[in-house]
Amino acid sequence: MAEQAAGPFPGQGQARDTRGVTQDMAPTCLRPLLRYRSFATLFLTPLLLLPLPIAVPTREAKCAYIIIVMAVYWCTEVIPLAVTSLMPVVFFPLLGVRSSKSVCLQYLNDTTMLFFGGLIVAISVEQWNLHKRIALRVLLILGVKPALLMLGFMVVTAFLSMWISNTATTAMMVPIVQAVLDQMDNTEHDVTMMEQATGQTNTVIELEEKNVSDPTSVHVISNGQVPDDPRSSEEKKMRKRICKGMTLCICYAASIGGTATLTGTGPNMVLKGQMNQLYPNNNDIVNFASWFGFAFPNMILMLVLAWLWLQCSFMGLNFKKSWGCGTERTAKESAAYDVLKAEMKKLGPISYAESSVLLMFVLLVLLWFSRNPGFVKGWASMLFPGGEKYITDSAPAVFIALLLFILPANKPKFKGWNPSMSDPEQAEEDIKKPFLSAPLLDWNMVQRKMPWSVVLLLGGGFALADASASSGLSAWLGHQMTPLGSIPPWAIATIISLIIAVFTECTSNVATATLFIPVFSTLAASVRIHPLYVMLPGTLSASFAFMLPVATPPNAIVFSYGHIRVLDMVKTGIVLNIIGVFCVTLAINTWGKLLFELDTFPTWANSTTSQ
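The sequence shown: position 243 = 242 (numbering that gives the first Met the number 0), numbered continuously.
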């Protein structure tokens with residue numbers, strides 16, 4: 000899911016608030032000036048750009064003026080992202096770009112309702128701890144050998160991140176990783192102390208005897224202690240590297256996993272909404288099933304390569320040691336397994352509420368996949384005449400969300416009441432009790448956990464795209480980009496992926512996608528290539544924020560635990576960015592071409608070109 004700049008999870012508030020850090024790092028002479036940078040950015044940006052709409056009083060120039068100001072505010076975050084997203088409601092009507100009615104309609108459209116319904120289902124999964132039960136069960140099945148343990152953490156995190164917030168997934172998984180690592184360290188310390196207690200006396204005697212015969216050979220400390228074994232310092236370094244790898248794998252898997260589903264992260268929803276906005280006759284080419292068919296294999300490939308890279312960086316490729324080939328479970332691994340079993344035991348047996356939420360979750364996924372699969376008729380057209388035109392993915396999402404507010408959290412009791420067989424007082428209490436208990440989800444919980452700012456951010460992006468197309472700004476940009484037609488399409492897509500992967504390190508992923516996707520649409524029209532051929536790489540690359548702690552909340556949460564340095568994240572993340580760009584380029588040129596027919600320029604893409 001799309002991420003927030005601050006929230007209730009540990010370390011999440013560090014995701015974007017880097018102003019104090021920047022001020023501390025600045026030279027002493029510049030620190031007084033940095034106090035005013037937010038003020039200067041907020042007021043000087045619109046003033047310095049004001050000559051644009053004054054000198055060129057056209058709708059295109061006025062629209063460009065607002066978009067540039069919003070882009071600066073989004074990148075610098077001088078005001079909250081959601082507040083910046085409300086600027087089109089005020090300034091587009093004032094400047095005569097779009098009417099208030101047209102602008103406001105963009106803030107709660109079909110795509111926003113799909114996002115809203117999916118988030119409600121995700122909140123219910125978190126409410127009943129179903130995500131934690133799934134995580135622990137998978138980890139217990141995969142095992143606790145170092146390589147398998149890391150793979151287990153990454154698989155679980157990526158799977159959960161497909162359906163619930165990347166931030167919530169990371170906030171839940173990192174404490175589990177921390178508990179496992181702490182228990183492994185404690186167990187190793189206990190085993191070392193036992194070994195030293197049993198072998199210390201003999202070792203000291205042997206060293207003293209050797210020292211008598213050769214005084215220069217071995218130095219024995221006067222209090223009888225044996226010098227530190229160099230192997231122990233090497234083991235400490237290895238433990239530190241494993242700890243870094245285990246924690247980094249969580250935030251990286253969360254970002255990678257969110258790309259696999261349409262509702263998994265904000266940029267995916269931005270693409271869905273922009274496609275419907277810019278190409279109203281696109282035949283619903285981007286839906287839950289088609290996106291999953293394209294992005295899920297890409298996610299699997301990225302996850303495997305990321306796992307191998309983390310293994311190589313922090314644990315080495317020692318198969319006997321990492322995989323445990325032909326070895327028994329060590330004391331550390333047994334301790335880790337015991338921790339996972341203890342956490343699972345705390346959850347107790349699966350409850351009626353968890354079963355109900357799991358059933359609703361599975362039902363929603365099935366409804367999404369079977370609505371309009373493409374190769375056969377879906378339930379939308381089979382059960383409802385003309386349903387393929389009227390029913391979109393938002394309908395089943397909101398339907399399941401409604402059921403979560405209706406279905407009871409406890410199993411209804413169907414026992415009859417017999418006055419002669421019952422205690423009168425107990426019978427009176429039973430009569431007062433409602434047949435249905437409290438529902439699986441209540442509105443107060445949704446109100447607390449719903450990321451309303453992302454809903455506004457999506458709406459602001461849709462308003463920008465609508466104004467850009469209607470004002471003629473898109474057509475003007477397309478005309479300027481015509482010379483790019485001489486560059487091969489695969490090179491354009493690769494360059495786009497690289498640019499977005501770098502840009503998203505310092506800007507919100509949703510804001511990045513919102514700013515660039517309309518530009519990519521215009522670029523596709525100008526060079527006559529399939530719009531998705533450039534929009535898909537840009538969308539996926541907006542989630543590749545691997546290099547900095549401030550790039551995304553999952554990175555900040557992991558960084559807040561103190562195991563890793565910024566340099567560790569940069570060195571590891573830059574390779575993951577390259578892996579991500581490689582995987583996306585491979586995907587759009589292989590199965591993506593077959594799935595979306597990316598080697599053709601579709602007729603529905605002419606709708607924007609002709610505007």
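From the three backbone atoms N, C-alpha and C, an ideal C-beta is built for every residue, glycine too.
Collapsed DSSP secondary structure at residue i in the structure displayed
{"i": "P407", "result": "strand"}
{"i": "P548", "result": "helix"}
{"i": "P482", "result": "helix"}
{"i": "P384", "result": "coil"}
{"i": "P79", "result": "coil"}
{"i": "P296", "result": "helix"}
{"i": "S542", "result": "coil"}
{"i": "P438", "result": "strand"}
{"i": "K100", "result": "helix"}
{"i": "I528", "result": "coil"}
{"i": "T503", "result": "coil"}
{"i": "V285", "result": "coil"}
{"i": "K239", "result": "helix"}
{"i": "F600", "result": "coil"}
{"i": "M449", "result": "coil"}
{"i": "S469", "result": "helix"}
{"i": "V364", "result": "helix"}
{"i": "W127", "result": "coil"}
{"i": "I494", "result": "helix"}
{"i": "F515", "result": "helix"}
{"i": "P372", "result": "coil"}
Residues near residue i in its chain [Cβ-Cβ closer than 8 Å; skip 5 each side]
{"i": "D392", "result": "L113, L261, N286, F287, W367, R370"}
{"i": "N201", "result": "Low confidence applies here, because N201 scores a pLDDT of 48, under 50, leaving its location unreliable; read the following figure in that light. Excluding sequence neighbours, N201 sits near nothing in its chain."}
{"i": "S221", "result": "A caution first: S221 carries a pLDDT of 42, below 50, which makes its placement in the model unreliable, though a value can still be read off. Hits under 8 Å: none found."}
{"i": "V154", "result": "V137, L141, A252, L302"}
{"i": "W669", "result": "Nothing can be reported for residue 669: it is not among the residues displayed for the chain, which extend from 0 to 610."}
{"i": "V68", "result": "T44, P45, L48, M86"}
Own chain, CB closer than 6 Å to residue i, minus 5 neighbours either side, in chain order
{"i": "Y106", "result": "G458"}
{"i": "V96", "result": "R58, K61, C62, A466, S470"}
{"i": "S380", "result": "G386, E387"}
{"i": "V117", "result": "A quick correction: the sequence has Gly, not Val, at residue 117. Answer for G117: T262, A396, listed in chain order."}
{"i": "T160", "result": "Per the sequence shown, the amino acid found at residue 160 is Ser instead of Thr. Contacts found: T168, A253, G256, G257."}
{"i": "E353", "result": "W127, L129"}
{"i": "K448", "result": "I122"}
{"i": "T513", "result": "V269, G460"}
{"i": "G292", "result": "L594"}
Outcome for residue i when other beta-carbon atoms lying within 10 angstroms are tallied against a minimum of 16
{"i": "I528", "result": "buried"}
{"i": "A54", "result": "exposed"}
{"i": "S540", "result": "buried"}
{"i": "E233", "result": "exposed"}
{"i": "L401", "result": "exposed"}
{"i": "W290", "result": "buried"}
{"i": "N443", "result": "exposed"}
{"i": "F158", "result": "buried"}
{"i": "P56", "result": "exposed"}
{"i": "N297", "result": "buried"}
{"i": "S84", "result": "buried"}
{"i": "I349", "result": "exposed"}
{"i": "C311", "result": "exposed"}
{"i": "K652", "result": "Since the first residue of the chain shown is 0 and the last is 610, residue 652 is not available in this structure."}
{"i": "T602", "result": "exposed"}
{"i": "F383", "result": "exposed"}
{"i": "F515", "result": "buried"}
{"i": "I204", "result": "With a pLDDT of 44 at I204, under the threshold of 50, the predicted position of this residue should be treated as unreliable, and no value is reported."}
Within-9 Å CB hit, residue i to chain C
{"i": "G477", "result": "Absent here is chain C; the protein component of the structure consists of one chain."}
Residue i - containing alpha helix (DSSP H), residue span
{"i": "I577", "result": "565 to 588"}
{"i": "D392", "result": "No alpha helix (DSSP H) contains D392, which DSSP labels as neither H nor E."}
{"i": "I349", "result": "Here I349 belongs to no alpha helix (DSSP H), and DSSP marks it neither H nor E."}
{"i": "N267", "result": "265 to 277"}
{"i": "V55", "result": "Premise fails: V55 is in no alpha helix (DSSP H) and is neither H nor E."}
{"i": "V155", "result": "145 to 160"}
{"i": "F91", "result": "86 to 93"}
{"i": "T258", "result": "Counting along the chain, T258 falls outside any alpha helix (DSSP H), and DSSP gives it neither H nor E."}
{"i": "S37", "result": "36 to 48"}
7 Å Cβ shell around residue i - same chain, five flanking residues per side excluded
{"i": "L597", "result": "H529, L531, Y532, I587, G591"}
{"i": "P372", "result": "A288"}
{"i": "F90", "result": "I65"}
{"i": "T521", "result": "S473, L476, G477, M480"}
{"i": "L180", "result": "C242, M245"}
{"i": "V574", "result": "W308"}
> At a cut of 8 Å, does the stretch 288 to 302 reach the stretch 245 to 264 through at least three beta carbon pairs?
Replying inline: With the rule of 3 Cβ pairs closer than 8 Å, the stretch 288 to 302 counts as touching the stretch 245 to 264.
> Does the stretch 488 to 496 come close enough to the stretch 241 to 251 to have 3 or more Cβ pairs within less than 8 Å?
Replying inline: Flag = no, the stretch 488 to 496 and the stretch 241 to 251 do not touch.
> Does the stretch 496 to 516 touch the stretch 540 to 559, meaning 3 or more C-beta pairs lie closer than 8 Å?
Replying inline: yes
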